[in-house]
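K.L.:
First the structure, then my questions, so here it is.
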Amino acid sequence: GSGALGELDGIGAAAQTRTAFFVIHPKDPNILVVSEQIYHKIKFADFTTTALWTVAGTGTSAAPTANSDPLQAVIATPRDMCVSEDGARLYISLHNGLP
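Rendered as structure tokens:
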């Protein structure tokens, strides 16, 4: 990123993040899984391409619904995460995420 605070998907200096927690993807060490607390989104960052993109969340804070499209899902303040050993599932701990 550029060092500017914000939330913007992009490549290299065009990308922005603010309150990021992260974990390395177990199947691809070039991928960083990022939780954006303030912006209520989950993103991937690729060390090879320097791309940062949203994989889950609309930016709205609310309790999630089961089996929703990840890009249409509302996610309330995502915090801790872990990825299953096979890389197929991402588990997210939400702060204030349940009614």
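So the mapping is simple: the working numbering equals the position in the sequence shown, first residue as 1, plus 656. A virtual CB, placed ideally from N, CA and C, is assigned to each residue, including glycine.
Are the beta-carbon atoms belonging to THR721 and ILE667 less than 8 Å from one another?
P.N.:
The answer is no: Cβ separation not under 8 Å.
K.L.:
According to DSSP, is GLN728 helix, strand or coil?
P.N.:
If DSSP states are grouped into helix, strand and coil, GLN728 belongs with the helices.
K.L.:
Does PRO734 pass the burial test, meaning 16 or more other C-beta atoms within 10 Å, or should it be called exposed?
P.N.:
By the 10 Å Cβ count, PRO734 comes out buried.
K.L.:
If distances are taken between C-alpha atoms only, which option among ASN723, MET737, ALA669 and HIS681 comes closest to LYS697?
P.N.:
When each option's Cα is compared against that of LYS697, the closest is MET737.
K.L.:
When the distance is taken between beta carbons, is VAL739 closer than 8 Å to VAL690?
P.N.:
Not a contact, by the Cβ cut-off of 8 Å.
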